[in-house]
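What follows is a short report on a single structure.
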Amino acid sequence: MKEKMNNRFINLQGGLFTKVTKADVGENAGHLMQQGYTFMSWADPFFPDPSIPDSVKKAMIEEIESGFPAHYTMPMGDRKLREVIAQRLHKRYQIKLDPSRNILITPGSDSGLLYAMMPFLKEGDEVLIPDPSYPSNFLNAKLCGAKDVHVPLYPENGYQFDIKEFEKRLTPNTKMVVITHPNNPTGTVFNKKSIEELCHFIIKNDLILVCDQAFEDHIYDNREMIAPMCIEGMFERTITTFSISKGLGLSGFRVGYIVANDELMDVYYGGTVNVLGATNTLAQKAAIVALEDESILKDYHERLLRRRDLVYDILSSIPHVKAIKPESGILSWIDVSKLGTSAEVASYLLDHAHISVNEGTPYGEQGEGYLRIVHACFLNDDDAVEALQRLKDCLIQLGKEKNI
Ligand SMILES: Cc1ncc(COP(=O)(O)O)c(C=O)c1O
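No gaps in the numbering here: position 62 of the sequence shown is 70 in this note's numbering, and each next residue is one more.
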């Protein structure tokens with residue numbers, strides 16, 4: 009029966025029969041967790057520690073007692089949640105959004121990302137995607153029948169955009185650009201020059217932008233976070249996806265949202281019941297409190313900044329490893345090419361330190377020789393430091409075995 013499947017899907021592997029390194033979410037990962045391995049490969053803040061903020065917990069209990077979450081919300085999402093999101097984005101980016109026309113709640117932003125791309129893409133279309141970036145971006149383009157065209161980003165350039173690299177790959181079939189901003193895995197916050205030049209390129213060539221801002225909540229060192237949808241001429245051609253998973257550490261709630269202009273949004277609304285369904289009612293109610301209680305984000309920001317600095321100190325003290333200071337978020341991206349390929353080093357860490365990290369290659373060709381480490385795992389810094397110390401010792405040992 010499998011051969012009857014559409015070519016776009018037939019080669020997908022979920023990890024039931026094989027070890028899936030690309031996402032570390034196969035059955036194998038479950039077995040390793042049961043055996044007590046340390047997971048620094050899931051972009052899930054504070055995992056595996058319990059971490060629902062008290063105000064959110066209280067609101068959820070009240071909701072359950074009311075009995076209301078037994079029911080669907082409107083497919084486009086809880087009205088109050090959409091209002092809170094509109095206020096939040098106004099405060100953050102000074103953008104005026106109509107909660108009835110510009111915001112759609114999605115079950116997590118992963119589904120939102122694919123959903124945002126689907127109405128535009130067909131066989132033969134090409135999508136420009138920075139490399140390295142979030143693996144789903146490449147896969148989603150392919151699942152929609154389009155070709156993922158990788159646009160390399162380079163460490164020498166701070167992983168910012170070089171518009172010439174986009175221009176070189178432009179063809180009459182180019183329809184869309186997909187970016188993750190701030191970027192996963194590098195943590196790069198695309199600066200004003202990068203964003204303005206990209207937007208100019210997009211407008212000039214009449215393209216669509218899908219911008220994933222799942223990591224926008226924690227930006228360090230006073231960097232400016234510019235949302236492309238706010239650049240003149242971009243709102244009508246930009247679909248932005250967001251999440252409460254990363255910044256608010258509520259990945260298990262599965263709440264994301266899409267922002268777009270009303271013309272596009274009407275189409276998205278049109279397909280919501282059939283394709284996405286309504287997002288979990290209790291989780292949406294919880295998201296309202298999580299977004300309104302500003303003390304949560306403030307507390308997490310302090311923790312995550314402190315963690316970033318602690319981790320950077322450890323990683324940058326490992327011989328033969330080059331650590332890049334994260335500009336945002338919860339991820340570290342390190343160059344281990346002197347010690348071996350991404351796959352070799354990741355597998356050595358798994359076998360000898362019982363630590364799971366991400367190989368760099370699923371993030372694109374530019375990821376060879378790199379590892380992604382989710383340094384914001386564990387609630388307490390001490391647990392993370394202990395794991396990183398183990399990781400450091402293990403890489404020192406690898407260097408010795410390789411005589412370097
Ligand atoms: C860049 C990026 N975007 C989106 C997502 C999806 O997050 P969620 O579906 O939990 O909102 C992830 C998850 O790892 C991510 O790394």
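Glycine included, C-beta positions come from ideal geometry on N, C-alpha and C.
| field | Counted within 10 angstroms of its Cβ, other Cβ atoms place E367 as buried (16 or more) or exposed | value | Taking the sequence shown and counting its residues from 1, one reaches residue 367 at position 359. By the 10 Å Cβ count, E367 comes out buried.
| field | ligand 1 heavy atom lying under 7 angstroms from the CB of D220 | value | For the purposes of this step, residue 220 is identified with residue 212 of the sequence shown, where counting begins at 1. Ligand 1 has a heavy atom closer than 7 angstroms to the beta-carbon of D220.
| request: Give the secondary structure of P77 by DSSP, where H, G and I count as helix, E and B as strand, and everything else as coil. | output: To locate residue 77, count along the sequence shown from 1; it is residue 69. Under the three-state reduction of DSSP output, P77 falls in the helix class.
| query | Heavy atom of ligand 1 less than 7 angstroms from the Cβ of T182, yes or no? | reply | Counted from its first residue, the sequence shown places residue 182 at position 174. A distance criterion of 7 angstroms places the beta-carbon of T182 beyond contact range of ligand 1, judged by its closest non-hydrogen atom.
| If you draw a straight line from the alpha carbon of P77 to that of F55, how long is it in whole angstroms? | Taking the first residue of the sequence shown as 1, we reach residue 77 at position 69. Taking the first residue of the sequence shown as 1, we reach residue 55 at position 47. Near 26 angstroms, if we compare the C-alpha coordinates of F55 and P77.
| task | Sort V185, V92, G195 by Cα distance to H208 and report the nearest one. | result | Position 200 of the sequence shown, counting from 1, holds the residue named residue 208. Per the C-alpha coordinates, the member of V185, V92, G195 positioned closest to H208 is V185.
| request: Measure the CB-CB distance between V64 and A384 and report whether it falls below 8 angstroms. | output: Here residue 64 refers to the residue found at position 56 of the sequence shown. Here residue 384 refers to the residue found at position 376 of the sequence shown. Their beta carbons are not under 8 angstroms apart, which means V64 does not touch A384 by this criterion.
| request: Please confirm whether any heavy atom of ligand 1 lies closer than 7 angstroms to the CB of F223. | output: Position 215 of the sequence shown, counted from the start, is the residue given in the question as residue 223. Yes, the beta carbon of F223 sits closer than 7 angstroms to at least one heavy atom of ligand 1.
| task | Could you spell out the range, first to last residue, of the beta strand (DSSP E) harbouring H158? | result | As a first step, residue 158 is located in the sequence shown; it is residue number 150 there, counting from the start. Element bounds for H158: 155 to 160.
| Are there 16 or more other CB atoms within 10 angstroms of the CB of D57, so buried, or fewer, so exposed? | Locating residue 57 in the sequence shown gives position 49, where the first residue counts as 1. With a 10 Å radius around the Cβ and a threshold of 16 neighbouring Cβ atoms, D57 comes out exposed.
| said: My output table needs one value for E310: the three-state DSSP class, helix, strand or coil. | reply: To locate residue 310, count along the sequence shown from 1; it is residue 302. Shown here, E310 sits in a helix according to DSSP, grouped into three states.
| In three-state DSSP terms, what is E232? | If you number the sequence shown from 1, residue 232 lands on position 224. Per DSSP, reduced to three states, the secondary structure at E232 is coil, with no helix or strand assignment.
| task | Taking only heavy atoms of ligand 1 into account, decide whether any of them is closer than 7 angstroms to the Cβ of Y167. | result | Indexing the sequence shown from 1 puts residue 167 at position 159. Flag unset: Cβ of Y167 not near ligand 1.
| request: Return the Cβ separation of I216 and K183 in integer angstroms, given the expectation that the two are a contact with Cβ distance under 8 angstroms. | output: In the sequence shown, counting from the first residue as 1, residue 216 sits at position 208. In the sequence shown, counting from the first residue as 1, residue 183 sits at position 175. Yes, they are in contact, since the Cβ atoms of I216 and K183 sit about 6 angstroms apart, within 8 angstroms.
| query | Any heavy atom of ligand 1 closer than 7 angstroms to the Cβ of S63? | reply | Along the sequence shown, read from residue 1 onward, the residue named residue 63 stands at position 55. Not so, every heavy atom of ligand 1 lies at least 7 angstroms from the Cβ.
| query | Should D307 be counted as a contact of ligand 1 given a C-beta to heavy atom distance under 7 angstroms? | reply | Counting from one through the sequence shown, the residue named residue 307 turns up at place 299. No; taking the cut-off as 7 angstroms, the Cβ of D307 has no heavy atom of ligand 1 nearer than that.
| When the Cα of D427 is compared with those of D229, G241, I338, which residue comes out closest? | Nothing about residue 427 can be read from this structure; the chain reaches only from 9 to 412.
| Does the distance from the C-beta atom of I332 to that of I322 stay below 8 angstroms? | To locate residue 332, count along the sequence shown from 1; it is residue 324. To locate residue 322, count along the sequence shown from 1; it is residue 314. For I332 and I322, no; Cβs fall outside 8 angstroms.
| If you follow the beta strand (DSSP E) that E134 is part of, which residue opens it and which one closes it? | Working through the sequence shown from its first residue, we reach residue 134 at position 126. Note, E134: beta strand (DSSP E), 134 to 139.
| field | DSSP beta-bridge partners of I113 | value | On the sequence shown, position 105 is the one that residue 113 refers to. Residue pairing for I113: DSSP places it in a beta bridge opposite Y265.
| request: Can you say whether G75 is buried or exposed, counting buried as having 16 or more other CB atoms within 10 angstroms of its CB? | output: Position 67 of the sequence shown holds residue 75. Exposed: under 16 other Cβ atoms inside 10 Å.
| request: Check each candidate in Q221, K212, I211 and name the one with the smallest Cα separation from F198. | output: Here residue 198 refers to the residue found at position 190 of the sequence shown. Comparing Cα-Cα distances from F198 to each of Q221, K212, I211, the minimum goes to Q221.
| request: Using the Cα positions of R380 and R314, report the straight-line distance between them to the nearest angstrom. | output: For the purposes of this step, residue 380 is taken as residue 372 along the sequence shown, with counting starting at 1. For the purposes of this step, residue 314 is taken as residue 306 along the sequence shown, with counting starting at 1. Each residue's Cα considered, the two are about 19 angstroms apart.
| query | Should N26 be counted as a contact of ligand 1 given a C-beta to heavy atom distance under 7 angstroms? | reply | Walking along the sequence shown from the start, residue 26 turns up at place 18. With the sequence shown as reference, residue 26 is identified as Thr, and Asn is not the correct amino acid for it. No.
| For the candidate residues I203, K155, K293, I412, whose alpha-carbon lies nearest to that of M237? | Numbered from its first residue, the sequence shown carries residue 237 at position 229. Relative to the Cα of M237, the nearest Cα in the group I203, K155, K293, I412 belongs to I203.
| Boundaries (first-last residue) of the alpha helix (DSSP H) holding S350 | The count along the sequence shown starts at 1 and reaches residue 350 at position 342. Counting along the chain, the alpha helix (DSSP H) containing S350 begins and ends at 350 to 361.
| task | Report the three-state DSSP secondary structure of Y378 (helix, strand or coil). | result | The residue labelled residue 378 in the question sits at position 370 within the sequence shown. Correct three-state label for Y378: strand.
| What are the uninterrupted segments assigned as alpha helix (DSSP H) that are 4 or more residues long and contained completely in the segment 181 to 237, given in chain order? | Complete alpha helix (DSSP H) runs here, min 4: 200 to 212.
| query | Is D229 buried or exposed, if buried means 16 or more other CB atoms sit within 10 Å of its CB? | reply | Here residue 229 corresponds to residue number 221 of the sequence shown, with the count starting at 1. Its Cβ having fewer than 16 others within 10 Å, D229 is exposed.
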